[in-house]
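As structure tokens, the structure follows; a few thoughts come after it.
Residue numbers (the working numbering): 379 to 479.
Structure (structure tokens):
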């Protein structure tokens, strides 16, 4: 996503005065708006689609990093815990949550 400083950074006041126009242009360009307050960046406004895409990409990146760390640990000889132990912990956690209610 390439930002155009002259168009994509606007004051909160300007955005409020022309919200419809800004949203329409954002839909066409698929770029967010950085809103400034007193000359400093205060917020970012983006489309729901852009937010969903960024959120999905961040989740995928997190999963990739977790997989990489797991594979590296396995390569170092770390084999984790036995499956029955893991399931036992999950079962105890689940059971204790339901007893607390």
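The beta-carbon is built from N, C-alpha and C at its ideal position, and this holds for glycine as well. These numbers were taken from a predicted model, which means no experiment stands behind them.
Item                                                                                                                                              : Value
Would you call the segment 451-467 in contact with the segment 416-435, where contact means no fewer than 3 C-beta pairs closer than 8 Å?         : no
Please report the distance separating the alpha-carbon of residue 472 from that of residue 461.                                                   : 16 Å
Between which two residues does the alpha helix (DSSP H) holding residue 425 run?                                                                 : Premise fails: residue 425 is in no alpha helix (DSSP H) and is neither H nor E.
Can you tell me whether DSSP reads residue 411 as helix, strand or coil?                                                                          : strand
Looking at the C-beta of residue 449, does it have a partner C-beta in chain C at a distance below 8 Å?                                           : Of the protein chains in the structure, only one exists, and it is not chain C.
Let me confirm a value: residue 470 is counted as buried when at least 16 other C-beta atoms fall within 10 Å, else exposed. Which label applies? : exposed
Kindly identify the DSSP beta-bridge partner or partners of residue 388.                                                                          : 413
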